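For the sequence shown, the UniProt record's numbering gives the first residue as 1, with consecutive numbering after it.
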Amino acid sequence: MELAQVRLLVSDFPACYRFYADVLGLKPQSGAADGPYEKFSPATGSAGIALQDRAMMAEVLGELGDEAAGHRSLVVLRVDDLDAYCAEITSRGATLLHGPAPMTDRMRVAHLKDPEGNLVELQQWLLLRG
């Protein structure tokens, strides 16, 4: 398992984008200043901080509102075999909220919560397959 990113669910995407890019000086991956998604990377390493519009995640889970009173972050972990890993963790008591299911044509995801209610996304990057 590898930590891929910590993703923050935000309501004011442009303001948050400016903060991470301009104030903190992190490098944006694509320059999507208006969202709905952007990953910011430090000078070294592959993990980073990403921003995602709350409304986009609400469409996936059907439970996030526009207010930042609910989930404020999403920890993302990349795994090689999403189905096998989900079977493993559910056998140890995890409850999946969503998935495994396609998120885009490039990845499959599953979602669950930690004991405090923080969201965790498990990703399998399909482009990494041989």
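Cβ coordinates follow ideal geometry from the N, Cα and C atoms, glycine included.
Bear in mind the structure is a predicted one, so any value in this text is a computation, not a measurement.
In the DSSP output, what is residue i paired with across the bridge?
{"i": "Asp-53", "result": "Val-10"}
{"i": "Pro-28", "result": "Phe-40"}
{"i": "Pro-102", "result": "Arg-108"}
{"i": "Arg-78", "result": "Glu-2, Gln-123"}
{"i": "Gly-48", "result": "Gln-5"}
Among the residues of its own chain, which have a CB less than 7 Å from the CB of residue i, if the five just before and after it don't count?
{"i": "Glu-38", "result": "Tyr-17, Pro-28, Gln-29, Ser-30, Ala-32, Ala-50, Leu-51"}
{"i": "Pro-102", "result": "Arg-108"}
{"i": "Asp-34", "result": "Phe-13, Pro-14"}
For residue i, which residues in the same chain have their Cβ closer than 6 Å to its Cβ, ignoring the five residues on either side in sequence?
{"i": "Leu-8", "result": "Leu-51, Ser-73"}
{"i": "Arg-106", "result": "Leu-126, Leu-127"}
I'd like to know if residue i contacts chain D, where contact means its C-beta is closer than 8 Å to some C-beta of that chain.
{"i": "Val-76", "result": "Going by chain labels, chain D is absent from the structure shown, which holds only one protein chain."}
May I ask you to check if the CB of residue i is nearer than 7 Å to at least one heavy atom of the ligand FMN?
{"i": "Glu-121", "result": "Within the structure as shown, the ligand FMN is missing, as the structure has no ligands at all."}
Which one of the options has the shortest CA to CA distance from residue i?
{"i": "His-98", "options": "Gly-25, Ser-91, Glu-59", "result": "Glu-59"}
{"i": "Val-75", "options": "Asp-22, Val-120, Val-23", "result": "Val-120"}
{"i": "Ala-4", "options": "Leu-77, Asp-22, Leu-26, Gly-25", "result": "Leu-77"}
I'd like the list of long-range same chain contacts for residue i, defined as Cβ closer than 8 Å, with 5 residues on each side in sequence excluded.
{"i": "Val-79", "result": "Met-1, Tyr-85, Leu-122, Gln-123, Gln-124"}
For this session: Indicate whether the contact test is met: 3 or more Cβ pairs, each with one atom in the stretch 110-130 and one in the stretch 36-47, closer than 8 Å.
Result: no
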